[in-house]
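J.: So the protein sequences, as listed, match chains A and B. If you count by our numbering, then the first sequence holds residues 2 to 430, one letter each, in order. If you count by our numbering, then the second sequence holds residues 85 to 176, one letter each, in order.
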Amino acid sequence: MKQHFDAIVVGAGPAGCACGLTLAKSGLSTLIVERGKFAGAKNMWGGVFYGPLFHQLFPDFWEEAPVERYILHHRISFLTADAALSADFFSSKFGRKPYNSFSLLRAKFDRWFADKAQQAGAIVASGLQADDLLWDGSRIVGIKAGGDELPANVVVACDGVNSILAEKAGLRKRLLPQDMKQGVKEVIQIPRQMLEQRFNLSGDEGVAWEFIGSFTKGIPGGAFIYTNKDSLSIGIVVQLSALIKNKIEANDLLEEFKEHPEVARYLSEGELVEYSAHLIPTSGRAKMPELFADGFLVAGDAAAFCLVTGLNLEGSNLAMASGMAAAEAVIQAKKKEDFSKKSLSSYSHFLKQSLVLKDLETFRKAPKFLENPRIYNVYPGLACDMAEKIFTNDGRPKKKIWKQLKRSMKGNVSLLQIASDLYNIKKAL
Amino acid sequence: MNPKKIEDKLAVNKFDVDQEVHIRIKEDICCQCKELDCLYACPAGCFTVFEDHITFSFEGCLECGSCRIVCEKEAIDWTLPRAGFGICYLYG
Chain A
2 MKQHFDAIVV GAGPAGCACG LTLAKSGLST LIVERGKFAG AKNMWGGVFY
52 GPLFHQLFPD FWEEAPVERY ILHHRISFLT ADAALSADFF SSKFGRKPYN
102 SFSLLRAKFD RWFADKAQQA GAIVASGLQA DDLLWDGSRI VGIKAGGDEL
152 PANVVVACDG VNSILAEKAG LRKRLLPQDM KQGVKEVIQI PRQMLEQRFN
202 LSGDEGVAWE FIGSFTKGIP GGAFIYTNKD SLSIGIVVQL SALIKNKIEA
252 NDLLEEFKEH PEVARYLSEG ELVEYSAHLI PTSGRAKMPE LFADGFLVAG
302 DAAAFCLVTG LNLEGSNLAM ASGMAAAEAV IQAKKKEDFS KKSLSSYSHF
352 LKQSLVLKDL ETFRKAPKFL ENPRIYNVYP GLACDMAEKI FTNDGRPKKK
402 IWKQLKRSMK GNVSLLQIAS DLYNIKKAL
Chain B
85 MNPKKIEDKL AVNKFDVDQE VHIRIKEDIC CQCKELDCLY ACPAGCFTVF
135 EDHITFSFEG CLECGSCRIV CEKEAIDWTL PRAGFGICYL YG
């Protein structure tokens, strides 16, 4: 007799681990299936991990979990071909426990997270692929994996942005290039001392640095650098539909970004140790699939939970929150022994409680707004141009700033466009 | 000096390459394709034009799914490598 699980969670990423862990802690029999050799083997990201929520789950997790550095500085830069205008936000609050956020590497962290789920009582089966769903009429009653049929009351699909299971369950339409950003990243190893010297860091302090500007050639997106212990995560995130429309490869944009004089000096003498790529579902609430069916829930990237706020993209944190919300819905369904769609619909309620849906609703207009090409190819240039004029002293008489601004704007952007963009910022962000 | 070309970058990654091909292209459709979107969408440079037809090599695939999404002609028979095979990130 094969074991019948209360829940099978597919995918041991941040959503799946958070879900499996929550289920196991409540005493539900839980199987987490992971197609990678180990949890995290298929995962990459460019992001910061928020501390306070996770601190509730694992008090003082930073003592034990493989986090890299706590983020003390958030920096944003506008780049033109040969100039940069930057803002650095530092708060000593960010340096106090429970730290606001961390840099971390998915392959290391997710493996640890999956171990935690296992310690809580979940079975983690790595190197096992969920090939298909098991059906009983219109109800989903488990998965097919590795030639076996594995029955369960509920299947939670945390199988990532390309979710095969959400598609097989009929909950999601074909994904479109305009709904996706492509992230391409390198991990560049730099001796710890050299890295800390370059970024002016001591101990475990870290920097999260975002960039927008001319290096994406007008393609909506940007770049990032995050400091790890003895490496940098450096990458770009660009709209997939615009890459193919403009016949540009993401790697070429990444190379252009890395060669920018403000960027290159942080990378010199570093050694490439990994090159990775991933898709990010960035259309926000508009392109979310249906989230539940009979015996089935979708969480994390599979549900297109990605918060687009303009300054950053937030996926992993939402993935964890949604995984936990899905677990709560399954726990409640288990109490009633009712795993129907209606019973599992409490997932919506738990998502709202965990702010996932609220935040997506708040920023629902941001993805559309951020398609505006002026954000990438006009404003960064304008800002750098103005700064250059203000700071340059070439012996000639200075002009009023307003006059200089108007000259810089000429042929690039009109006052009316600026007014309209400002109005849209107010609406979208 | 760090590599700039995709193929050289992929060489630092850990792959467990399967004997089985997990992505196939429908050559009858691809040989007439003018858009060649897959060429620009694939971050691993798996698609190349060879004597005016597209060839695909699955070994360096990063399993991102971009090619499947951009191909409007649905000429890419896309699956994931068998469990345990394919890219194995050590950093991520």
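For glycine and all other residues, C-beta sits at the position ideal for the given N, C-alpha and C. No experiment lies behind these values; they were computed from the predicted model shown.
With respect to 8 Å, is the separation between the Cβ of lysine 98(B) and the closest non-hydrogen atom of the ligand ATP below this value?
T.: The model depicted lacks the ligand ATP and carries no ligand whatsoever.
J.: What is the DSSP secondary structure of glycine 207(A), reduced to helix, strand or coil?
T.: Three-state DSSP puts glycine 207(A) in a strand.
J.: Given a limit of 7 Å on CB to CB distance, which residues of the segment 127-147 of chain B reach chain A?
T.: Listed by position, the residues of the segment 127-147 of chain B near chain A (Cβ gap below 7 Å) are Pro127, Ala128, Leu146, Glu147.
J.: When DSSP labels each residue in this structure, what does asparagine 154(A) get in the three-state scheme?
T.: Note: asparagine 154(A) maps to strand in three-state DSSP.
J.: So does the segment 341-356 of chain A actually touch the segment 288-302 of chain A, counting three or more Cβ pairs closer than 8 Å?
T.: The segment 341-356 of chain A, when compared against the segment 288-302 of chain A, does touch it at the 8 Å Cβ threshold.
J.: Is the number of C-beta pairs between the segment 89-101 of chain B and the segment 389-400 of chain A that are closer than 8 Å three or more?
T.: With the cut-off at 8 Å, the segment 89-101 of chain B and the segment 389-400 of chain A do not touch.
J.: Within the same chain, show all residues whose beta-carbon is closer than 7 Å to that of leucine 273(A), passing over the 5 residues directly before and after it, in chain order.
T.: Hits under 7 Å: Glu187, Ile189.
J.: Out of curiosity, what's the CA-to-CA distance linking glycine 21(A) and alanine 123(A)?
T.: Spanning the two alpha carbons is a distance of roughly 6 Å.
J.: Please state the DSSP three-state secondary structure of glutamine 240(A).
T.: Correct three-state label for glutamine 240(A): strand.
J.: Could you give the first and the last residue of the continuous alpha helix (DSSP H) run that contains glutamate 275(A)?
T.: Counting along the chain, glutamate 275(A) falls outside any alpha helix (DSSP H), though it belongs to the beta strand (DSSP E) covering 272-282.
J.: Let me make sure I understand the geometry here. Which of Asp161(B), Ile138(B), Ala125(B) has the alpha-carbon closest to that of isoleucine 90(B)?
T.: The shortest Cα separation from isoleucine 90(B) among Asp161(B), Ile138(B), Ala125(B) belongs to Ala125(B).
J.: Within 10 Å of its beta-carbon, does methionine 2(A) have 16 or more other beta-carbons around it, so buried, or fewer, so exposed?
T.: Per-residue confidence for methionine 2(A) stands at a pLDDT of 49, beneath the threshold of 50, marking its modelled position as unreliable; the derived number appears in the next sentence. Burial call: exposed.
J.: Please check the pair alanine 384(A) and glycine 14(A), which I expect to be a contact at CB under 8 Å, by giving their CB distance rounded to whole angstroms.
T.: Incorrect: roughly 37 Å between the Cβ atoms, too far for contact.
J.: Leaving out five residues on either side along the sequence, give the residues of the same chain with a beta carbon under 7 Å from the beta carbon of threonine 363(A).
T.: Correct list: empty, nothing qualifies.
J.: State the DSSP-derived secondary structure class of glutamine 190(A), mapped to helix, strand or coil.
T.: Glutamine 190(A): strand per DSSP, three-state reduction.
J.: Below 9 Å on C-beta distance, what does glutamate 315(A) contact in chain B?
T.: Chain B residues near glutamate 315(A): none, gap ~17 Å exceeds 9 Å.
J.: Below 9 Å between beta carbons is the criterion; list the residues of the segment 60-93 of chain A that meet it against any residue of chain B, in chain order.
T.: The residues in question: there are none.
J.: For a cutoff of 9 Å on Cβ pairs, would you count valine 96(B) as touching chain A?
T.: So yes, valine 96(B) belongs to the interface.
J.: Does any C-beta atom of chain A lie closer than 9 Å to the C-beta of lysine 110(B)?
T.: Taking Cβ atoms only, chain A never reaches closer than 9 Å to lysine 110(B), which makes this a no.
J.: So with Cβ pairs under 9 Å, would you call aspartate 116(A) a contact of chain B?
T.: Not an interface residue.
J.: Residues in its own chain within less than 8 Å of isoleucine 153(B) by CB, not counting five upstream and five downstream?
T.: For isoleucine 153(B), where only same-chain residues beyond five positions count, the Cβ hits under 8 Å are Ala125.
J.: In chain order, what are the residue ranges of uninterrupted alpha helix (DSSP H) at least 4 long that sit wholly in the segment 3-90 of chain A?
T.: List check, alpha helix (DSSP H) in window: 15-26, 52-58.
J.: Please report the residue range of the beta strand (DSSP E) in which lysine 145(A) lies.
T.: Its beta strand (DSSP E) spans residues 140-146.
J.: Enumerate in chain order the residues of its own chain whose CB-to-CB distance from alanine 66(A) is below 6 Å, with the five nearest sequence positions on each side excluded.
T.: Excluding residues within five positions, the ones whose Cβ falls inside 6 Å are Trp113.
J.: Could you tell me whether any Cβ in chain B is nearer than 9 Å to the Cβ of valine 185(A)?
T.: Answer yes: the Cβ-Cβ gap between valine 185(A) and chain B drops below 9 Å somewhere.
J.: Buried or exposed, going by whether 16 or more other CB atoms sit within 10 Å of the CB of alanine 131(A)?
T.: Alanine 131(A) comes out buried.
J.: Report the option in Tyr51(A), Asn163(A), Glu315(A) whose CA atom is closest to the CA atom of tyrosine 100(A).
T.: Minimum Cα distance to tyrosine 100(A) is reached at Tyr51(A).
J.: Indicate whether at least one CB of chain A lies closer than 9 Å to the CB of isoleucine 171(B).
T.: Judged by the 9 Å Cβ criterion, isoleucine 171(B) is in contact with chain A.
J.: Is arginine 266(A) close to chain B, meaning its C-beta is less than 9 Å from at least one C-beta of that chain?
T.: It does not; no Cβ of chain B falls within 9 Å.
J.: Could you tell me which chain A residues have their CB closer than 7 Å to the CB of aspartate 161(B), listed as they occur along the chain?
T.: In chain order: nothing, as chain A lies at least about 13 Å away.
J.: What residues of chain B sit near alanine 158(A), judged by a beta carbon separation below 9 Å?
T.: By Cβ distance, chain B contributes nothing, its closest Cβ being about 14 Å from alanine 158(A), past 9 Å.
J.: Terminal residues of the continuous alpha helix (DSSP H) containing valine 299(A)?
T.: Counting along the chain, valine 299(A) falls outside any alpha helix (DSSP H), though it belongs to the beta strand (DSSP E) covering 297-299.
J.: For the segment 327-374 of chain A, which segments carrying the beta strand (DSSP E) assignment without a break, of at least 3 residues, lie completely within its bounds, in sequence order?
T.: Entirely contained in the segment 327-374 of chain A, not one beta strand (DSSP E) run reaches 3 residues.
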